[in-house]
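Position one of the sequence shown corresponds to residue 1378 (our numbering), numbered consecutively onward. Virtual Cβ for every residue (Gly too), placed ideally from N, Cα, C.
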Amino acid sequence: MSALDALRGPAHTGSNRCWPCTVLNLLLVGAFACWLRFRDRRVLGTLVAAAGVAIVYLRGYVVPYTPAFAPKLVAASPLPNEWFHDERSPDPADGEASLAATDLDGETVLRELVTAGVVEAVDDRLLVAEDVDGPWHDEMRSLAALSVDELAREVARSLPHVDETDPLVAEGRSWVVVGPGEGELVARPVAVAELAAYRVLADYLDDESIRLAAARALRMFLEECPACGTGLVETSEVSCCGGYAKPRQTPDEVLACPNCDQRLYTFPSGE
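Take a look at the structure:
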């Protein structure tokens, strides 16, 4: 591996490059370099410009947490989104794939969670009960320590409706393929969170379909990535983590891991 390969960030470069992030960072680097030149620090300004462009090329961005706010700025701006994204069919790996076999009504799932004492209201906020949150995070840490191959086997062993699973690793990201053939591509962090929740909820919910749907819903309460521990960020669907909003289409807000480059949850748009 060359020195450049060691510096390169594949999650945000190449085919995964987020153009809103790239454009915004280049503008900021250029503005700072120009400011230095106006301050009669031309040599320093030139060095800053060269270093900034190199970092954006190799890493995708210079300013920390750019993937969290750059897509939102683009989505809110009058600039057409197609300037930054090719109109194409979304990658199935970037969708809302889940271990749950069916997608139940959100209100029904929430009502069951509250009734079972899994979720409780605290100061006008809904939070996971401490008796559930602790074991859930313990189980997630245990599953996160497994390889993606081992995780795939655990999914098949634990879920009665799943007969076949396979691991998939591509472009620095990992998935559990649920089902035969191409199957359903479930991102590794999602599989860790849902399988852990499914196991913990066995003491609270008897209905299998509700238990699986509840495990999916609990992802909205995550603050850190179940797979790597990185703090999650709320960002727009028009982002580095997959998703494309057509012109005049309001992008959904998503919960994503900037390190794994995976989406953990898509918040309902309310439309």
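Taken through DSSP and simplified to helix, strand or coil, R1534 comes out as helix. Here the region 1395–1411 makes contact with the region 1423–1440; the two share three or more CB pairs at distances below 8 Å. Linking F1644 to Y1434 through their CA atoms gives a straight-line distance of about 31 Å. Per the Cβ contact rule, the region 1488–1500 is in contact with the region 1574–1592 (3 or more Cβ pairs under 8 Å).
Short of 8 Å from the beta carbon of P1566, and not among the five residues preceding or following it, lie these beta carbons of its own chain, in chain order: C1602, P1603, A1604, C1605, C1634, C1637, Q1639, L1641. The shortest C-alpha to C-alpha distance from V1495 to any of W1396, R1534, D1580 is the one to D1580. Measuring C-alpha to C-alpha distances from A1521 to each of V1546, A1498, A1478, A1570 identifies A1570 as the nearest. Proximity of the region 1524–1544 to the region 1497–1506 falls short of the contact definition, fewer than three beta-carbon pairs being nearer than 8 Å. Ranked by Cα distance from T1479, the first of T1607, G1422, D1584 is D1584.
Beta-bridge annotation (DSSP): E1516 is not paired with any residue.
The DSSP-derived three-state label of P1397 is helix. When the Cα atoms are used, V1563 and R1502 turn out to be separated by approximately 29 Å.
Taking all protein chains in view, the Cβ of T1542 is crowded by 16 or more other Cβ atoms within 10 Å, so the residue is classified as buried.
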